[in-house]
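Everything on this sheet refers to the single structure shown next.
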């Protein structure tokens with residue numbers, strides 16, 4: 100950390116606002132800062148060292164002074180991110196058992212927005228119903244901890260073979276579904292260390308469909 104006379108929360112807010120104007124992905128590439136580390140800076144979980152702040156300021160074309168205190172000349176114009184990017188709300192989840200994570204509704208509008216380089220199949224006209232979910236478990240390879248999924252909250256009609264995010268018994272599960280006639284839907288995991296389960300979605304108050312997975316970003 101470096102002494103700049105402001106709180107970690109305020110520093111995070113300043114950095115986040117500037118990075119969001121530019122591009123999270125481009126900032127990561129130009130700074131060489133690991134995505135997980137950069138996300139921690141943006142969320143306020145950790146505070147960058149001086150070297151990290153200098154790298155971010157350089158990538159954004161500004162100064163550490165402006166980055167931290169919003170004082171002095173802004174001294175840059177953000178590059179156009181193009182048409183294949185979008186601002187989506189990222190709702191963090193706390194890790195829990197079974198390779199899933201607890202579902203936690205955002206307490207306020209301060210849940211930060213993160214720019215995601217959107218895949219071609221992501222429909223931008225429905226952006227208001229699309230949210231980011233960060234993977235914390237290992238039950239659905241190839242997705243792993245730290246990867247991001249884009250879910251469409253308006254798309255809750257189950258389709259055989261599609262991937263969905265479910266809220267089940269206070270946890271969230273990422274599962275592929277398969278119709279089992281007369282029994283319900285099989286929620287399939289790709290990890291043999293976890294069990295598949297059949298749920299009668301329509302008559303089970305413990306399960307809720309959060310949305311269909313429509314895009315993803317898998318980080319190396």
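Numbering (this note's numbering), first residue to last: 100 to 319.
We put the beta carbon where it would ideally sit given N, CA and C, even for glycine.
Owing to the predicted nature of the structure, the values given are computational and were not obtained by experimental measurement.
- Residue 137 and residue 156 have their C-alpha atoms spaced approximately 13 Å apart.
- Across the structure, residue 232 and residue 135 are spaced so that their CA atoms are roughly 14 Å apart.
- Distance from the CA atom of residue 296 to the CA atom of residue 283, rounded to whole angstroms, is 10 Å.
- The closest CA to that of residue 279, considering only 236, 165, 259, is found on 259.
- CA-to-CA, the gap between residue 153 and residue 243 works out to about 30 Å.
- Here DSSP, grouped into helix, strand and coil, assigns residue 162 to coil.
- The straight-line gap separating the alpha-carbon atoms of residue 268 and residue 121 is approximately 39 Å.
- When C-alpha distances from residue 252 are compared across 116, 262, 237, the shortest belongs to 262.
- If you compare the alpha carbons of 245, 110, 247, 256 with that of residue 301, the shortest gap goes to 256.
- As a beta-bridge residue in DSSP terms, residue 314 pairs with 249.
- A straight line joining the alpha-carbon of residue 158 with that of residue 146 spans about 18 Å.
- In this structure residue 116 is exposed. Its beta-carbon is surrounded by fewer than 16 other beta-carbon atoms within 10 angstroms.
- Scanning the region 263-295 for uninterrupted alpha helix (DSSP H) segments of 4 residues or longer gives nothing; none is fully contained.
- Here the C-alpha atom of residue 254 lies approximately 24 Å from the C-alpha atom of residue 245.
- The residues 232, 312, 315, in chain order, have a CB closer than 6 Å to that of residue 248 in the same chain once the five nearest residues on each side in sequence are set aside.
- In the three-state scheme derived from DSSP, where H, G and I count as helix and E and B as strand, residue 244 is classed as coil.
- Excluding sequence positions up to five before and after residue 118, its CB lies within less than 6 Å of the CB of 126, all in the same chain and listed in chain order.
- CA-to-CA, the gap between residue 237 and residue 112 works out to about 31 Å.
- Residue 131 and residue 140 have their C-alpha atoms some 14 Å from each other.
- The three-state secondary structure of residue 149, taken from DSSP, is helix.
- The closest CA to that of residue 290, considering only 230, 239, 109, is found on 239.
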